[in-house]
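Chains as they are written, first to last, in full-length UniProt numbering: chain L, 1 to 101; chain D, 1 to 101.
Here is the structure we will look at.
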DNA sequence: GTAACGTATCACTCCATGGTGACGTCAGTC
DNA sequence: GACTGACGTCACCATGGAGTGATACGTTAC
């Protein structure tokens, strides 16, 4: 498929809390403790969501002593943005086309 | 919030069947019958998903006799793509920044 | 008029997923 | 060594959402 638009990434981003995490990580790398402060969510809950983001390839982890730094992977977000832009372009040039019933 | 990245739109796109519908509609306007043929899903099921896409502002409807044509709204997809690109850009320029523990 | 067709809505079941507490593990401090 | 704090994993429960059949509504054909 040409425009495969990774469904896993979209799913990972479709949760409001995960989206909030991604927005925070876009500004600077943070460790779980910071995210607990910023979001008000429980550590366990965050750990689950961070695992989901990791599995989707959206964030990188970097252990630092007993802390773990999380950072956003710009290329993953860019890839998704590109796919969507391509989809929109396709829709624009197909505007008006309709299959007859 | 600057990068508000509409969570509803992401949620609407995060379902594989809905993503498939969007991809089909990007190429040409289709009515439910066509989508039933293309996807193999039940009419009721499709109607539900189309409602979700309508509510998210991703598709337009155009009644045509007893048929209803659905078409993708490029601007909705473009808006999302733009937000994500902006997010990726923020992440790129913040690369290396980390909050100390 | 009635029949047939395309589509939307409702009520329901079932499954996936989010949130939580208990617990385990690893690193640093004493 | 023991203790504490930072994270991750597991098992459980509750909720949301997907899929479905029955049904209602509007339009076209007869």
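Where is the CB? At the ideal position from N, CA and C, for every residue including glycine.
Does the beta carbon of residue 33 (chain L) come closer than 8 Å to any beta carbon on chain D? As a working note, residue 33 (chain L) is residue 33 in the first chain. Output row for residue 33 (chain L): interface = yes.
Taking Cβ positions only, does residue 99 (chain L) come closer than 8 Å to chain D? The count along the first chain starts at 1 and reaches residue 99 (chain L) at position 99. Closer than 8 Å to some Cβ of chain D, the Cβ of residue 99 (chain L) qualifies, so yes.
Contact between the region 64-75 of chain L and the region 21-29 of chain L is defined here as three or more beta-carbon pairs at a separation below 8 Å; is this criterion met? yes
According to the neighbour-count rule (16 or more other Cβ atoms, all chains shown, within 10 Å of its Cβ), is residue 11 (chain L) buried or exposed? Counting from 1 along the first chain, the entry for residue 11 (chain L) is found at position 11. The residue in question, residue 11 (chain L), is buried, as its Cβ has 16 or more Cβ neighbours within 10 Å.
Under the three-state reduction of DSSP, which class applies to residue 55 (chain L): helix, strand or coil? Reading the first chain from its first residue, position 55 is the one you call residue 55 (chain L). Three-state DSSP puts residue 55 (chain L) in a helix.
8 Å Cβ cutoff met for residue 34 (chain D) and residue 66 (chain L): In the second chain, residue 34 (chain D) corresponds to position 34, counting from 1. In the first chain, residue 66 (chain L) corresponds to position 66, counting from 1. Contact flag unset, no.
Within 7 Å of chain L by C-beta, residues of the region 63-94 of chain D in sequence order: 67, 69, 72, 74, 77, 78, 80, 81, 84, 85, 87, 88, 90, 91, 92 and 94
For residue 28 (chain L), which residues in chain D fall below 7 Å Cβ to Cβ? Working through the first chain from its first residue, we reach residue 28 (chain L) at position 28. Here the neighbours are 94, 97, 98 and 99.
Kindly confirm or deny that the region 76-91 of chain L and the region 80-88 of chain D touch, where touching means at least three C-beta pairs closer than 8 Å. yes
What number of angstroms, rounded off, separates the C-alpha of residue 51 (chain D) from the C-alpha of residue 101 (chain D)? For the purposes of this step, residue 51 (chain D) is taken as the residue at position 51 of the second chain. For the purposes of this step, residue 101 (chain D) is taken as the residue at position 101 of the second chain. Looking at the two C-alpha atoms, the distance is approximately 46 Å.
Taking residue 51 (chain L) as the query, report the chain D residues whose CB atoms sit under 9 Å from its CB, ordered along the chain. What you label residue 51 (chain L) is simply residue 51 of the first chain in a count that begins at 1. Here the premise fails: no neighbours, minimum Cβ distance about 17 Å.
Counting C-beta neighbours from all protein chains within 10 Å, is the total for residue 31 (chain L) 16 or more, i.e. buried, or is it exposed? Sequence index remark: in the first chain, residue 31 (chain L) carries index 31 (1-based). It counts as buried.
Own chain partners of residue 42 (chain L) with C-beta closer than 8 Å, once the 5 adjacent residues on each side are dropped: Position 42 of the first chain, counted from the start, is the residue given in the question as residue 42 (chain L). So the qualifying residues of the chain are 36.
Using C-beta distances below 8 Å, list every residue in its chain close to residue 29 (chain L), excluding the 5 sequence neighbours before and after it, in chain order. On the first chain, residue 29 (chain L) is found 29 positions in, with the first residue counted as 1. Excluding positions up to five away in sequence, the list reads 62, 69, 70 and 71.
Measuring straight from C-alpha to C-alpha, what distance separates residue 15 (chain D) and residue 78 (chain D)? For the purposes of this step, residue 15 (chain D) is taken as the residue at position 15 of the second chain. For the purposes of this step, residue 78 (chain D) is taken as the residue at position 78 of the second chain. Computed Cα separation, rounded: 19 Å.
In the DSSP assignment, the beta strand (DSSP E) including residue 71 (chain D) goes from what residue to what residue? Translated into positions along the second chain, residue 71 (chain D) becomes position 71. Segment 67-72, the beta strand (DSSP E) holding residue 71 (chain D).
Where the alpha helix (DSSP H) through residue 38 (chain D) begins and ends: Numbered from 1 along the second chain, position 38 holds the residue referred to as residue 38 (chain D). Counting along the chain, the alpha helix (DSSP H) containing residue 38 (chain D) begins and ends at 32-39.
Residue 19 (chain L) versus L:92, L:58 and L:94, residue with shortest Cα-Cα distance: Walking along the first chain from the start, residue 19 (chain L) turns up at place 19. With distances taken between Cα atoms, residue 19 (chain L) lies closest to L:58.
What first and last residue would you give for the alpha helix (DSSP H) that runs through residue 100 (chain D)? Here residue 100 (chain D) is taken as the residue at index 100 of the second chain, counted from 1. First-last for residue 100 (chain D): undefined, no H or E at that position.
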